[in-house]
Each structure stands twice: as C-alpha cells, then as structure tokens.
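Chains as they are written, first to last, in our numbering: chain Z, 1 to 113; chain X, 1001 to 1115.
The C-beta atom is built at its ideal place from N, Cα and C for all residues, glycine as well.
Accompanying notes for the structure given below.
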Amino acid sequence: AQSVSQHNHHVILSEAASLELGCNYSYGGTVNLFWYVQYPGQHLQLLLKYFSGDPLVKGIKGFEAEFIKSKFSFNLRKPSVQWSDTAEYFCAVNAWAGTALIFGKGTTLSVSS
Amino acid sequence: DGGITQSPKYLFRKEGQNVTLSCEQNLNHDAMYWYRQDPGQGLRLIYYSQIVNDFQKGDIAEGYSVSREKKESFPLTVTSAQKNPTAFYLCASSLLAGGHDNEQFFGPGTRLTVL
C-alpha cells in the first residue's frame, strides 16, 4: 500500500529564513506528486505538482520542490519565508494506476515577523 | 465562478442521529472524493466516485455512506454507526480519477460536531 511520510510536524521560522519540508513516499511505480497548502480559514489549495519531466518544479508564491526518484522524496523548499506563509502543508501522492490521493499527516509552519 | 461548494459550514448533531453533508461542483469533473481531516492525522479518504452511479470505499468508510446520482453532486451521510464523527470534512473533485494529471480541487469544508 502507498504511504506518505512528512518528517516535521511543526516548523517554526523567522521571516527571511529558508524553508525545507521533507516528504517521502512508498510506491515503486510511476507516481504523481503534489504539495497542498491550507492557510488559516481557507480552502486547501495546490502549491505545486509533479507528473513527469524536469524533477525541479516551481509553484506559486516562490515555492519549489525537487523529485528525487532514487530517494522516493519530494521535498518542498522556499529560499526566504514570509509571515504570510504561516499555514499547514500537505504532501500527497497517487499512483498513475491508482485513483485517490494519499496524504501525509501535514506540517504546520509558523513564521514570526 | 467554477468551484466546489460544501454546506453547511458548521453542523451540530446529537449522538445517534444521521446527518448528510452536501458537496456540489460545477467544474464538470468526473471524479469526486470525501476526506476527513483530524488534527495531526492529515487527510484520510472516506469514499470516492469515478463516475456517476459508481463509488468505492476509501480507508475509513465504516459508518459513512454516499451516493452519486448526478455528476455535480456527491453527498456524504454520517451515520450513527460512526464512532467518532466529530471532524472537519473536505470534499474534492478531479477531472479524472487516476492516470496522468489528476489534480484535486477542494471545497471549503464542513466542520461536524457531535454533542
């Protein structure tokens, strides 16, 4: 069965610090990979996605993620966080042959100004 | 505006009562999903539907039921058999289920509290 592991439950940073959130998945076949974000009081929305091609994908608001197939990882990065990045971040995976997304347990990011 | 609507936003239920959560989409998506979100648990799949009149159980389907009579609508009923129903419920849809590029779009959620 597929599973997704997010390494950090809660990350606390100061503004302008760099961010990296870890995500590892377990599935041997071809996968689609996603990072979603849930800002306080808002819908869950897509930050970025990887289906194929360049393993470094860029998303909204300056976020990027790198797919490393050999490590089954899809880590999220941002060079300089802002207070408005305070949110909960979810990594999700689904197999091409599968249907529903499998989500990690989420990482809460708190950014202090 | 295209999107997914869920109603109500907040719902209170007495123990032993069934309750139905509404989910409607006007994105013309074939696939629809219900997730439950609990603190520290992430999102867990309850049911999904790839096409009208068809649906499959997810990881935590016990105590829930769904129907998919129309493409736009995928209501979720939380029955009295669900042992711990207090949670935040999210509905989502995608153009297709599985395959390449099945980005899911989410509704605003319904927070259910059992009194």
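Chain Z contact for residue i (CB, 9 Å cutoff)
i, result
"Glu1062(X)", "no"
"Tyr1033(X)", "yes"
"Pro1008(X)", "no"
"Asn1028(X)", "no"
"Leu1045(X)", "yes"
"Asn996(X)", "Past the edges of chain X, shown from 1001 to 1115, lies residue 996(X), and the structure says nothing about it."
"Gly1109(X)", "yes"
"Gln1041(X)", "yes"
Closest by C-alpha distance to residue i, when choosing among the options
i, options, result
"Lys71(Z)", "Gly28(Z), Tyr36(Z), Ser18(Z) and Pro40(Z)", "Gly28(Z)"
"Gly1040(X)", "Ser110(Z), Gly106(Z), Ser113(Z) and Ser112(Z)", "Gly106(Z)"
"Ser5(Z)", "Val111(Z), Glu66(Z), Phe103(Z) and Ala65(Z)", "Phe103(Z)"
"Asp1054(X)", "Ile1060(X), Arg1044(X), Met1032(X) and Arg1036(X)", "Met1032(X)"
"Gln1006(X)", "Leu1096(X), Ala1092(X) and Asn1102(X)", "Ala1092(X)"
Contacts around residue i, its chain only, beta-carbon distance under 6 Å, and the 5 residues preceding and following it disregarded
i, result
"Thr108(Z)", "His10 and Glu88"
Sequence-distant residues of its chain with Cβ nearer than 8 Å to residue i (five each side left out)
i, result
"Leu1011(X)", "Val1019, Leu1021, Thr1110, Arg1111, Leu1112 and Thr1113"
C-beta neighbour in chain B for residue i, strict 9 Å
i, result
"Tyr1048(X)", "Here the protein chains are Z and X, and chain B is not one of them."
Spatial neighbours of residue i in its chain, beta-carbon cut-off 7 Å, leaving aside the 5 residues before and after
i, result
"Leu8(Z)", "Checking the sequence shown, residue 8(Z) turns out to be Asn, not Leu. So the list reads Leu21, Gly22 and Thr107, once near-sequence residues are dropped."
"Leu46(Z)", "Phe34 and Tyr36"
Residue i (DSSP reduced to helix, strand or coil)
i, result
"Asp85(Z)", "helix"
"Ser70(Z)", "helix"
"Lys61(Z)", "helix"
"Phe1074(X)", "coil"
Neighbour flag for residue i against chain X, beta carbons, 9 Å
i, result
"Ala100(Z)", "yes"
"Tyr27(Z)", "no"
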